[in-house]
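Participant: Here it is: the structure, laid out below.
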Amino acid sequence: MFNKIKFFLLNQVLPDRMLLVKGRSSSRSIYLTFDDGPCPGITPLLLETLQKHDVKGTFFVIGKNAERNPDILLDICNNGHSIGNHSYNHHRFSLQTLEEQKQELQKTNEIVKSITGASCNIFRAPQGRWNLRLLWSNALSKITSAHWSLDSLDYLKEPATLIVQRLREKPVKNGDILLFHDDNKVCIEVLDVLIPVWKSEGFEFKVL
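Numbering (my numbering), first residue to last: 1097 to 1304.
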C-alpha cells in the first residue's frame, strides 16, 4: 500500500518529462506495452498477433533476455515496434544503489544497440518501483521514465476470459498506457479479442 501511495504522490507532482504515466487525454490514442521479454515461444506469437491486427507496441526488454534471444529482439525492431529498457537482471531497484541502477540501464542499452543498431531512450523500472533519485538521473541523461495507467494484471495467470471481462468493465480511456507481459501467453488471447473492440471504439495504437 505504501508504494502505491508513494507512486500516486510522485505522479501528482512530477512533470511528464520525468515520469510518463499517460499520453494526451485529448488524443484518441492508446499505447500497448509489454514487459519482461523477449521470450521464446511467446514473443514471436505476440508479434504475429500484432501484425495480424496491424498495430504496434512498445516492448520493455530485460537485458539478459535480449542477450539470449537476439533474433527475437531484432524481429521486434524490424516489425516497427518500439524497444524500451527494463533493466538487465530485473532485480528490485529499491535494493540497489544509483550506480548499480545506472549500470543495469547502460548494459541493456548496449545490448539493444549492438543487436538492433537503435538507441534505447525509454525505461521502465522493474515492478514499476520508482524513486526520485532514479527519475532525476534519467531526466539528466535524457531518458524517458515510463510507467502505465492501466494494468492488465495478466501476471496473475488468470484465464483470458477474466482479463477481457475486467478490461471491458474498466474501459480504456484516451492516452492510456496499458501494461502486459510477453512472458505469458494469456496476453495474446486477450489482445486477439480486445484489439478489434478498441479499434471499433475509434482508438489508434501508438508507440511510446
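Ideal placement from N, C-alpha and C gives every residue a C-beta, glycine not left out. Small disclaimer: the values here were computed from a predicted structure and weren't measured.
Can you grab the Cα-Cα spacing for the pair LYS1295 / LEU1258, in whole Å?
Facilitator: 20 Å
Participant: Just the C-alpha distance for TYR1127 and GLY1271, rounded to the nearest angstrom, thanks.
Facilitator: If you take the alpha carbons of TYR1127 and GLY1271, they lie about 7 Å apart.
Participant: Any idea if GLU1195 is buried or exposed, counting beta-carbon neighbours within 10 angstroms, 16 or more meaning buried?
Facilitator: exposed
Participant: By a C-beta neighbour count over all protein chains shown, 10 Å radius and 16 as the cutoff for buried, is THR1193 buried or exposed?
Facilitator: exposed
Participant: Mind checking who ILE1168 pairs with in its DSSP beta bridge?
Facilitator: According to DSSP, ILE1168 bridges with nothing at all.
Participant: Pull up the CB-CB distance for ILE1218 and ASN1161, whole angstroms please, since I reckon it's below 8 Å.
Facilitator: Not a contact, Cβ separation roughly 17 Å.
Participant: Using alpha carbons as the reference points, say which of LEU1252, GLY1159, GLU1206 lies closest to ASN1280.
Facilitator: LEU1252
Participant: For PRO1255, which residues in the same chain have their Cβ closer than 8 Å to its Cβ, ignoring the five residues on either side in sequence?
Facilitator: VAL1282
Participant: For the alpha helix (DSSP H) that contains SER1296, what are its first and last residues?
Facilitator: 1282 to 1296
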